[in-house]
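Heads up: the sequence shown at position 59 corresponds to 59 in the numbering used here, and the numbers run straight through without jumps.
All C-beta atoms, glycine included, are put in the ideal place defined by N, C-alpha and C.
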Amino acid sequence: MSSAATSSASVSLTINGEARSLAAPATVASLLEAMNLAGKRVAVERNGDIVPRGLHAATALADGDRLEIVVAVGGG
Numbered sequence: 001m002s003s004a005a006t007s008s009a010s011v012s013l014t015i016n017g018e019a020r021s022l023a024a025p026a027t028v029a030s031l032l033e034a035m036n037l038a039g040k041r042v043a044v045e046r047n048g049d050i051v052p053r054g055l056h057a058a059t060a061l062a063d064g065d066r067l068e069i070v071v072a073v074g075g076g
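As structure tokens, then:
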């Protein structure tokens, strides 16, 4: 185990234009869970690229990432 690892590590993100920190390591899936959006119909864009739902758990987030998250709302 490396002494360089810290238990308070976090990543700094910009989400929908607002600065936010998330515990590292972080993925799109862990971010959505932290935002109480897990399982909801959302579209996620990371640094200008859409992240397919099937890749949320595998898409790691890094310091400085810019995300746009849109929640689908039904109705008419």
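- When DSSP reads this structure, R46 sits in a beta bridge with D49 and L67.
- Of the candidates A29, G48, A9 and R46, the residue whose Cα lies closest to the Cα of G39 is A29.
- For A34, the uninterrupted alpha helix (DSSP H) run begins and ends at V28 to A34, by DSSP.
- Taking a cut-off of 8 Å for Cβ pairs, the stretch 18 to 25 and the stretch 41 to 55 do not touch, as fewer than three such pairs fall below it.
- Annotation: G54 to D65 spans about 19 Å, alpha carbon to alpha carbon.
- In its chain, beyond the 5 residues on either side, L32, I69, V70, V71 and A72 have a beta carbon closer than 8 Å to the beta carbon of V42.
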